[in-house]
Structures are given as C-alpha cells and as structure tokens.
Amino acid sequence: MSEVRIEHMTKRFKHQAAVGDVSIHVREGEFLTLLGPSGCGKSTTLRMVAGFEAPDEGKVFIGGKDVTNVPARERGVGMVFQSYALFPNLTAHDNVAFGLRMGKLPEAEVKQRVSEMLDTVSLGEHAGKYPSQLSGGMQQRVALARALVRRPSVLLLDEPLSALDAKIRVQLRELIKDLQVRLGTTTIYVTHDQEEALSLSDRVAVMSAGKVVQLGTPAEIYAQPATRFVAGFVGTLNFLPAEIAAGKAVRPEALRLYPGNVPLPPAADELRLAARVIRANLLGTLVRVRLRVGEHELVADTLNTGEGAARWPEGLAVTAGIPAGAVFPVLE
Amino acid sequence: MHRQQRTPALAWVVFAVILLYLLVPIVGTALYSVAVRWDSSLLPQGFTLAHYQALFSDLKAVNAMWRAVVVSVVTVVLLWLIVTPAVVAAHLYLPGMKRVLEIASIVPYAFPPVILAIGLIQLYSKPPLPISGTPTILVLAYGVICLPYMVGAIGNSLQAIDGHTLMEACESLGATRWTAYRLVILPNIAPGLVSSGLLTFAVALGEFVLANMLVGARFETIQIRLVQLMRFNGHVASALVMFYFALVAVASLALLVGTRRYTDTVRGE
Numbered sequence: 001m002s003e004v005r006i007e008h009m010t011k012r013f014k015h016q017a018a019v020g021d022v023s024i025h026v027r028e029g030e031f032l033t034l035l036g037p038s039g040c041g042k043s044t045t046l047r048m049v050a051g052f053e054a055p056d057e058g059k060v061f062i063g064g065k066d067v068t069n070v071p072a073r074e075r076g077v078g079m080v081f082q083s084y085a086l087f088p089n090l091t092a093h094d095n096v097a098f099g100l101r102m103g104k105l106p107e108a109e110v111k112q113r114v115s116e117m118l119d120t121v122s123l124g125e126h127a128g129k130y131p132s133q134l135s136g137g138m139q140q141r142v143a144l145a146r147a148l149v150r151r152p153s154v155l156l157l158d159e160p161l162s163a164l165d166a167k168i169r170v171q172l173r174e175l176i177k178d179l180q181v182r183l184g185t186t187t188i189y190v191t192h193d194q195e196e197a198l199s200l201s202d203r204v205a206v207m208s209a210g211k212v213v214q215l216g217t218p219a220e221i222y223a224q225p226a227t228r229f230v231a232g233f234v235g236t237l238n239f240l241p242a243e244i245a246a247g248k249a250v251r252p253e254a255l256r257l258y259p260g261n262v263p264l265p266p267a268a269d270e271l272r273l274a275a276r277v278i279r280a281n282l283l284g285t286l287v288r289v290r291l292r293v294g295e296h297e298l299v300a301d302t303l304n305t306g307e308g309a310a311r312w313p314e315g316l317a318v319t320a321g322i323p324a325g326a327v328f329p330v331l332e
Numbered sequence: 333m334h335r336q337q338r339t340p341a342l343a344w345v346v347f348a349v350i351l352l353y354l355l356v357p358i359v360g361t362a363l364y365s366v367a368v369r370w371d372s373s374l375l376p377q378g379f380t381l382a383h384y385q386a387l388f389s390d391l392k393a394v395n396a397m398w399r400a401v402v403v404s405v406v407t408v409v410l411l412w413l414i415v416t417p418a419v420v421a422a423h424l425y426l427p428g429m430k431r432v433l434e435i436a437s438i439v440p441y442a443f444p445p446v447i448l449a450i451g452l453i454q455l456y457s458k459p460p461l462p463i464s465g466t467p468t469i470l471v472l473a474y475g476v477i478c479l480p481y482m483v484g485a486i487g488n489s490l491q492a493i494d495g496h497t498l499m500e501a502c503e504s505l506g507a508t509r510w511t512a513y514r515l516v517i518l519p520n521i522a523p524g525l526v527s528s529g530l531l532t533f534a535v536a537l538g539e540f541v542l543a544n545m546l547v548g549a550r551f552e553t554i555q556i557r558l559v560q561l562m563r564f565n566g567h568v569a570s571a572l573v574m575f576y577f578a579l580v581a582v583a584s585l586a587l588l589v590g591t592r593r594y595t596d597t598v599r600g601e
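Respectively, the protein sequence lines represent chains X and D.
Okay, so the first sequence: first residue is 1 according to the working numbering, each after it adds one.
Okay, so the second sequence: first residue is 333 according to the working numbering, each after it adds one.
This is the structure we're talking about:
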C-alpha cells in the first residue's frame, strides 16, 4: 500500500500530446478514478503508472520511490484489463498463482493464498476451470484475484467493467469496492462511465484532451462542476438561458414541477417559469420530464409517484421552480 | 414460427458424396495393396500381405522412407525455429510488419515447383553456396514453400489470444519477457505450431517435383522410389502409399499427444 504521485507527466503520440502535463497525487489507500471520454488520455496515464508506456516528460513515484525508469515487472502494481487478459492455457487457480510463483513463494503458501483469494471472489469451486469455461464476469473476478493476491502496492484497473452486461457490472462494481475497502489498496480506476466513477471513488479526476480538468470528491464534481465539459460529462445538466441567468446551470433533480391545475405553494426562494411538457420518460425511481420554456428546453427529474410517465402527459402546462440555491455558475 | 429445423435430406447426400470422394481413393489403394490380382475383375482376386513383405525387403524403399522422414522432420523443426520468433516479434512489437510477413511468405509459394527448382539449381551450383544436389537444399526449399502455413497458423493463434495484452499481464505479475514467452505465449500458440507442423510434414513427405529435380537419384526420397516402384509393381507401390499414409497419421497423433503433455507440464509448474 503506497501513495502514487504523478508529476508533470506528458506523453506524445506522433507529436500529438495524448497526455499533457498531468499531475495527480493519489493518497495511500485512496480510490481515485480517471474519468473521461475515449481518447482523453486516461488509459495512457494509467499505463504510464503501470510501466507499459514511458512518459516523454515527468515522473511517477510509487511509495515515494521514483519508478519512472523501473520496468513494469518490478513496480509491484496489480493490473486489471478490460479484456480480462487471463492466460487461456492456465486454470483459474494457476492464473491467480502465476504472480506468486514468479515471486518464488513456497508452493504450499501459493496454494493457500490462491484458494483464499478465489474464495474471496466466490470462485473457490471453479478453481480448476479454464478461462474459456467461465463467464465474462467470472473471468474478470479471476483477473481481479490474480492482481490482488500479490498484495500490490497499487491496484490499476483499465475499464474493467466495460465488456460486461449491465447487471454483472453493478455486482462486480460492488465487489471491487468491498475488496478495496477491506484491503485498503491504493487504487487507480479508469472509466468513461460517470456512474462507476461517482459510486466507487474517493476522488475523481475528470480528464479531457490529455489534461485533468477537475479533481475532487464525487460530491464536489457533481455539485460544483468546474467547467461546462465536466458538468456535461457527469450527470445531466440544464444550462439556463442567457435572459434568465447567463453562465449558470442547474441539475434536473433540483427542479420542482407544479402541474397547472394545482395551486402554487407560497413563493419560496425560487425562480418560477411557465413551461409545457414535451415528453416524460419513466427511468424507474425517477420520471425524466423534458420541458419547453419559451424557446429553450429544460430537463426535470421528478420522483416516480406511482403513475410513472402518465402523470406528465404531453402538452401539460406546468410551472417549473428553480431554487436559487441550486443554481451554480459554470465556466465555458 | 417453425423454430425446430429438420436436417434436410440434401445435407446428408452432399455429406455422403464428399465422404465417398475422399475415401474411395484411400480404400481403393488399401485394397490394391493387399490384392493378389485386381486387373480383370470387379473385386480383388484373393488377398495377400506379400506386397508389404516385398516392400520392407526392398532396401531402397526402406532407406527412401527414412530419408523422407528425416528431411520432413528437419524442415518442420527448422521452420518452427525460424518462423516462431519472427511472427511473435511482428505481432507483439511491430504490428505494421504482420501483413508484410504474410505477403512475403506467400510469394515463393506462388512459383511453380519446376521454375523454383531450376532457379535454385542455377543459383546454388556454384560458390558461395554450392549446395545443389544435397539434402540441405531440399530442406531449405521445402521450408520456403511451407512458409505460408506456418506464418498463417502462428499469426492466427497469436491474434486469437491477444498476445500483446497477455504480455502486459505477465509483466505486471512480475514475469520477465522470456518467462512470459515460455509460460504463456508458447503454450497458447502450440496448437498453431502443431497443425502447421503437421501440414508441413505431410507436404514435405509427399513432394515429388522438387525432390526429383533438386536431388533425384543422389538422395532418393519416398516419392522418387514410389514412382520407380509404380513402373514394375503397382501393388507394392500401393503398399508404400498406405505405409506413408499411416506414417502421417502416427505423426499427427504423436504431435497431438505431445502438445497436450507440454501444455500440462507448463500448467503443473
């Protein structure tokens, strides 16, 4: 378990900066996520920490030691890949044992640690199976066990859930978080999925075009997105029309909707706009309502009261209330 | 909706025709090799093992078999040693070279053997490399014409396992490159090595034109002896064909078992 410091790291591919002057300090035991669209440099940053790519400029420190020129195999990091990257010729047990055997551990200890680790990821009874005999979710659990069994100083995960079904993805997400909390392993997680980033991380670094555009806790990133890009990438956002509040935005769930036939409650500290429903979609817990306000569109999320989308029929006249406290400024 | 599909009768007919097409020559040859006579009747007249006896007491034929086996095995091993590192290097470190390697390996294959043989003889009859007429040139020529099988098969197996990411996984687990090649890359391309090795072995064992022109009587191989035998006794020639058919079958089996053993050893490590 060690802290990771990335200092002024730059990587160019064919003269184009894939990562430009990125500095991040990942604290000991912290779960940090690099979040961004494809091509933003998040994977390249991770691969430089792993030692698969060498930075053109800058340094990487793991546990206070400069590892910039240390080969991947001596960095003691655990890596989990999007494609699982299990060894097809080895059983689940031998895949997990691989790293321990490289470390020349006595075979008795290898056996014990591997079977403990496989039990931890609930694959004890599949130890003898080959990767091709396991489902995608199971394979990724083996890969996770293989990375963690060596007790790595840092755990690196490169879009580990992207190849999996939605349901498995949520299960495995919980497992990753449980293990990380239990083992206290410093973790860097790469994803383009904001839900994963917000639900897993202690802190999130949002990346765009090779740079970190905002670094903060999930709550901070969500509540006070620093730029329009971050705001648009994390969650859904209403940018308010210039004539109402220029350069300001509000989250859909902050909006309050009052159907036209219901008397309005006494004006709290909120801005009220006359609106018409364009369409309502049931998302489950929430109903997402698209509204037309003059020439603009707003999105409001309301709790599902049991009627689902039917509560907001198309063309319904409503009043949209925007609480003053929920409006925040957003930089371009 | 008719989800339940019945196998159409035509599928069976097509299958049976193909099977017959493949089996009739082999069965015919097998029968001819044990027939006393089979020239003026529909079915063989009496059976005998005398032709096999004649074959194995023909010292020339036995020696020719050994020579052919040695040449074929050496060709396979040589190709494995040369092609495997080249294809692995191209796939893992020089992805742009994959196509180049594939195309380059096909070019010599496109030459008619007669042209290839004449060219080789002219080039290698004089210094610096006067190897014309020796088994060496035969092995090297076979190696060249079998290149595409090897390059293709090894390349496909590397593609299938995503060798690049597996190497990274190995490295992150503390393995050196050599260990990664030995424990992960090699076992996973082993099936490709075996299948292309078998193909090479069979092609080299059954090749006549190059053998006849490059070495001929100086180094009689099984095919050259077969052509000689055919001139005076078709039954013995058939026995020879059956024998080398069995040889290829045994070699296939041995290699398959060998691969499984090898993979098991790696596993158990």
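Even glycine gets a Cβ: it sits at the ideal position worked out from N, Cα and C.
On a predicted model such as this, the values are computed, not experimentally measured, just so you know.
Which residues mark the beginning and the end of the beta strand (DSSP E) in which X/P259 is found? Within the first sequence, numbered from 1, the residue matching residue 259 of chain X stands at position 259. Counting along the chain, the beta strand (DSSP E) containing X/P259 begins and ends at 256 to 259.
In whole angstroms, give me the CA-to-CA distance for X/L123 and X/I6. Within the first sequence, numbered from 1, the residue matching residue 123 of chain X stands at position 123. Within the first sequence, numbered from 1, the residue matching residue 6 of chain X stands at position 6. So the alpha carbons of these two residues sit roughly 35 Å apart.
Counterpart residues of X/F13 in DSSP-defined beta bridges: Taking the first residue of the first sequence as position 1, residue 13 of chain X is located at position 13. BP columns for X/F13 point to X/Q16.
Any idea if D/T416 is buried or exposed, counting beta-carbon neighbours within 10 angstroms, 16 or more meaning buried? Here residue 416 of chain D is taken as the residue at index 84 of the second sequence, counted from 1. Classification of D/T416: buried, given that the 10 Å Cβ count is 16 or more.
In angstroms with no decimal places, state the Cα-to-Cα distance between D/V526 and D/A396. The residue labelled residue 526 of chain D in the question sits at position 194 within the second sequence. The residue labelled residue 396 of chain D in the question sits at position 64 within the second sequence. D/V526 and D/A396: Cα-Cα distance of roughly 25 Å.
Rounded to whole angstroms, what's the CA-CA distance from D/L375 to D/A341? Just pull it up for me. Here residue 375 of chain D is taken as the residue at index 43 of the second sequence, counted from 1. Here residue 341 of chain D is taken as the residue at index 9 of the second sequence, counted from 1. One C-alpha to the other measures close to 31 Å.
Could you run through the region 89 to 120 of chain X and flag, in chain order, every residue whose CB is less than 8 Å away from some CB of chain D? N89, L90, T91, D94, F98, G99, R101, M102, G103
D/G506: contacting residues in chain X (beta-carbon distance under 7 Å): The residue labelled residue 506 of chain D in the question sits at position 174 within the second sequence. The contacting residues are R73, G99, M102, G103.
So which residues of chain D does X/S83 contact, with C-beta pairs closer than 8 Å? Sequence index remark: in the first sequence, residue 83 of chain X carries index 83 (1-based). Within chain D, the residues near X/S83 are D494, T497.
Spatial neighbours of X/R169 within its chain, please: CB distance less than 7 Å, with the 5 preceding and 5 following residues excluded, ordered by chain position. Numbered from 1 along the first sequence, position 169 holds the residue referred to as residue 169 of chain X. Hits under 7 Å: L161.
With a cut-off of 8 Å, does the C-beta of D/V526 fall near any C-beta of chain X? Numbered from 1 along the second sequence, position 194 holds the residue referred to as residue 526 of chain D. D/V526 does not count as touching chain X.
In chain order, which continuous runs of the alpha helix (DSSP H) of length 4 or greater are located wholly inside the region 87 to 117 of chain X? 92 to 102
Under three-state DSSP, which class holds D/A367? As a first step, residue 367 of chain D is located in the second sequence; it is residue number 35 there, counting from the start. Three-state DSSP puts D/A367 in a strand.
Only counting the same chain, and skipping five residues up and downstream in sequence, which positions put a Cβ closer than 7 Å to that of D/V483? Taking the second sequence and counting its residues from 1, the one referred to as residue 483 of chain D is at position 151. Excluding sequence neighbours, D/V483 sits near V415, V419, L433, E434, S437.
CA-CA distance, X/F239 and X/A254? Translated into positions along the first sequence, residue 239 of chain X becomes position 239. Translated into positions along the first sequence, residue 254 of chain X becomes position 254. Roughly 13 Å between the two C-alpha positions.
Quick one: which chain X residues come within Cβ less than 8 Å of D/P445? For the purposes of this step, residue 445 of chain D is identified with residue 113 of the second sequence, where counting begins at 1. Under the 8 Å cutoff, chain X gives no residues; its nearest Cβ is about 38 Å from D/P445.
C-alpha gap between D/M333 and X/T285, whole angstroms: Indexing the second sequence from 1 puts residue 333 of chain D at position 1. Indexing the first sequence from 1 puts residue 285 of chain X at position 285. Because the pLDDT at D/M333 is just 48, under 50, the model does not fix this residue reliably, and the value given afterwards should be weighed accordingly. Taking the straight line joining both Cα atoms gives about 38 Å.
Rounding to the nearest angstrom, what Cα-Cα distance links D/T497 and X/P37 in this structure? Start at 1 with the first residue of the second sequence, and residue 497 of chain D comes out as number 165. Start at 1 with the first residue of the first sequence, and residue 37 of chain X comes out as number 37. Their Cα atoms are separated by approximately 22 Å.
State the beta-bridge partners of X/S208 as determined by DSSP. As a position in the first sequence, residue 208 of chain X is number 208, starting the count at 1. DSSP output for X/S208 lists X/K211 as bridge partner(s).
Have a look at X/L303 and X/A320 and give me their C-alpha separation to the nearest angstrom. Mapped onto the first sequence, residue 303 of chain X falls at position 303. Mapped onto the first sequence, residue 320 of chain X falls at position 320. Cα to Cα, the separation comes out at about 15 Å.
Please compile the residues from chain D whose C-beta is within a distance smaller than 7 Å of the C-beta of X/A54. Position 54 of the first sequence holds residue 54 of chain X. Under the 7 Å cutoff, chain D gives no residues; its nearest Cβ is about 13 Å from X/A54.
Any C-beta of chain D under 8 Å from that of X/F239: Translated into the one-based positions of the first sequence, residue 239 of chain X becomes position 239. With 8 Å as the cut-off, X/F239 does not count as an interface residue toward chain D.
Meets three-Cβ-pair contact criterion under 8 Å: the region 461 to 471 of chain D and the region 565 to 583 of chain D: no
Using 8 Å as the limit for Cβ to Cβ distance, is D/S404 near chain X? Counting from one through the second sequence, the residue named residue 404 of chain D turns up at place 72. Not one chain X Cβ lies under 8 Å of D/S404.
Taking 7 Å as the limit between beta carbons, can you name the residues of its chain near X/Y222, skipping five residues before and five after? Position 222 of the first sequence, counted from the start, is the residue given in the question as residue 222 of chain X. Cβ within range, chain order: L198, V234, G235.
Closer than 7 Å, Cβ to any Cβ of chain D: which residues of the region 119 to 136 of chain X, in chain order? none
Is the region 145 to 165 of chain X touching the region 501 to 508 of chain D in the sense that three or more CB pairs, one from each, lie closer than 8 Å? yes
Give me the residue from X/D21, X/C40, X/D94, X/K11 with the minimum Cα distance to X/A54. The residue labelled residue 54 of chain X in the question sits at position 54 within the first sequence. The shortest Cα separation from X/A54 among X/D21, X/C40, X/D94, X/K11 belongs to X/K11.
Stretch pair the region 342 to 358 of chain D + the region 253 to 272 of chain X: three plus CB contacts closer than 8 Å: no
C-alpha gap between D/R431 and D/H423, whole angstroms: By 1-based counting over the second sequence, the position of residue 431 of chain D is 99. By 1-based counting over the second sequence, the position of residue 423 of chain D is 91. D/R431 and D/H423: Cα-Cα distance of roughly 10 Å.
Interface residues of the region 517 to 543 of chain D facing chain X [CB-CB below 7 Å]: P519, N520
Within 8 Å, strictly: CB atoms of X/T44 and X/A18: Here the question's residue 44 of chain X lines up with position 44 in the first sequence. Here the question's residue 18 of chain X lines up with position 18 in the first sequence. A contact, by the Cβ cut-off of 8 Å.
Is there at least one Cβ from chain D nearer than 8 Å to X/A249's Cβ? Here residue 249 of chain X is taken as the residue at index 249 of the first sequence, counted from 1. Not one chain D Cβ lies under 8 Å of X/A249.
Alpha-carbon to alpha-carbon, D/G428 and D/V446: Sequence index remark: in the second sequence, residue 446 of chain D carries index 114 (1-based). Sequence index remark: in the second sequence, residue 428 of chain D carries index 96 (1-based). Looking at the two C-alpha atoms, the distance is approximately 33 Å.
Test item: CB-CB of D/C478 and D/A536 under 8 Å: To locate residue 478 of chain D, count along the second sequence from 1; it is residue 146. To locate residue 536 of chain D, count along the second sequence from 1; it is residue 204. Yes; because the gap between Cβ atoms is below 8 Å, this pair is in contact.
Measuring CB to CB, does X/R141 end up less than 8 Å from X/L105? Looking up residue 141 of chain X in the first sequence gives position 141. Looking up residue 105 of chain X in the first sequence gives position 105. No. Outside cutoff.
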